[in-house]
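This report refers to the structure that appears directly beneath it.
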Amino acid sequence: MRIGLIAIDGCFGSAVASVIDILRVADGARGDVDPRIDPIELAILGPKRRVTTTASMTLSVDHPLSECAEFDVVVVPALGTLTAAATNDALQSRDARSVIASLGRLDDATTRIAAACTGVFAVAETGRMHHRRATTSWFLGPEFLKRYPTVALDLDTMVVVDGNLVTAGAAFAHIDLALSLVRSISPDLAQHVAKLLIIDERPSQAAFVAYEHLRHEDPIVVEFERFVRARLDEPFNVAFVAQSLGTSRRTLERRVRAALNLTPLGFVQRLRIERARHLSATTDLTSAEIALRVGYANAETLRSLLRRERRRS
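Counting from 1, one number per residue, gives the positions in the sequence shown under the UniProt record's numbering.
Below, the structure is given as structure tokens:
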């Protein structure tokens, strides 16, 4: 498999380094796992001969962006930005526009595209994510949805595969992205590499999502979260909550969906699960007692939701 890793000035240094290291370890270890596994050839693609990452790491570029189509997989790492405004500015840079144009010319039938963190924005700019599933940095979810409203964004999942498109979450999800590419070559090789590098399985971003950060710009959703967090042990009625917040049910549902890509009930269930997991890890309460504290009269209902969340992960 020929894998081309795109790098431009200012891209996230640790992201690029982790992809390089994992893929090179995989190539070096493939003979120990199965001699029949084909070589993994990694090359750096870029708009100029040398690029410098955020960690001041200088990379020599092996191929120009015009040769992207010659690779089986093209990887787009993080742009090195941490805010919506900075990401939007980065997408307008000359180098980023060159990357976007090169990605737009790729043939879906012959080249897979893998991207993580803010690199997913660059892929979305091409329009090829229209009505497809993807993930990105959880804290940039609202901006991503605003900019690309037709993408089915899944902020819980660490790596999302939709056909020939592979996307991953925030910066260190590049590790998961690289392992996913190795897994597509050989599951045994991916497992071996994970053991060699002591990489724990992290199938979900949910544990890292701070919902209050996701939608801090929407005051109605801020108040909604505060209201329900203080009453997680009470029955949930969206009409009652909307009335208590001085808005309509339809407005509340629309604003929560726009900010979090969840229904109000779905969001409350996530908060209850979050609280239940915390209580389970930090107290000696029984399952029944925890269930009551998060609004479920029946402990089995809570266990069923937890099992469903694990399957979704």
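Glycine included, C-beta positions come from ideal geometry on N, C-alpha and C.
Small disclaimer: the values here were computed from a predicted structure and weren't measured.
- Per DSSP, the continuous beta strand (DSSP E) segment holding I3 begins and ends at R2 to I6.
- In this structure, P64 keeps its C-beta atom at 8 angstroms or more from the C-beta atom of A116.
- Our two residues, T283 and I290, have alpha carbons roughly 9 angstroms apart in a direct line.
- Cα atoms of D108 and P264: separation of roughly 37 angstroms, rounded to the nearest angstrom.
- S60 counts as exposed, since fewer than 16 other C-beta atoms from the protein chains shown sit within 10 angstroms of its C-beta.
- Non-local C-beta neighbours of A194 in its own chain, meaning closer than 7 angstroms and more than five positions away in sequence, comprise L179, ordered along the chain.
- Contact between the stretch 99 to 108 and the stretch 130 to 139 is absent: fewer than 3 CB-CB pairs across the two stretches fall below 8 angstroms.
- Secondary structure note for G46: its beta strand (DSSP E) is the uninterrupted segment E41 to G46.
- Counting only unbroken stretches of 3 or more residues, the beta strand (DSSP E) elements lying wholly within the stretch 149 to 180 are 159 to 162 and 165 to 168, in sequence order.
- DSSP places V241 in the helix class (H, G or I) of the three-state scheme.
- DSSP places S66 outside any alpha helix (DSSP H), giving it a letter other than H or E.
- The three-state reading of DSSP puts A116 in strand, counting E and B together.
- Rounded to the nearest whole angstrom, the CA to CA distance from A7 to L153 is 25 angstroms.
- When DSSP states are grouped into helix, strand and coil, R128 belongs to the coil group.
- Taking the Cα of A85 as reference, the smallest distance to any Cα among F121, A43, D32 and D156 is reached at F121.
- Residue pairing by DSSP puts S60 in a beta bridge opposite R50.
- Pairing D72 with R2 gives a Cβ-Cβ distance under 8 angstroms.
- Looking at the DSSP output, V76 shares a beta bridge with A115.
- The three-state reading of DSSP puts R133 in strand, counting E and B together.
- Shortest Cα-Cα distance from R36 to any of D188, R307, A299 and L262 involves D188.
- In this structure L252 is in contact with I220, their Cβ atoms being roughly 7 angstroms apart against a cut-off of 8 angstroms.
- Of the residues assessed, D156 falls on the buried side of the cut-off, its CB having 16 or more other CB atoms within 10 angstroms.
- Taken through DSSP and simplified to helix, strand or coil, L285 comes out as coil.
- Here A90 has G10, L79, G80, T81, A96 and T118 as same chain residues with Cβ atoms under 8 angstroms from its own Cβ, once five neighbours each way along the sequence are excluded.
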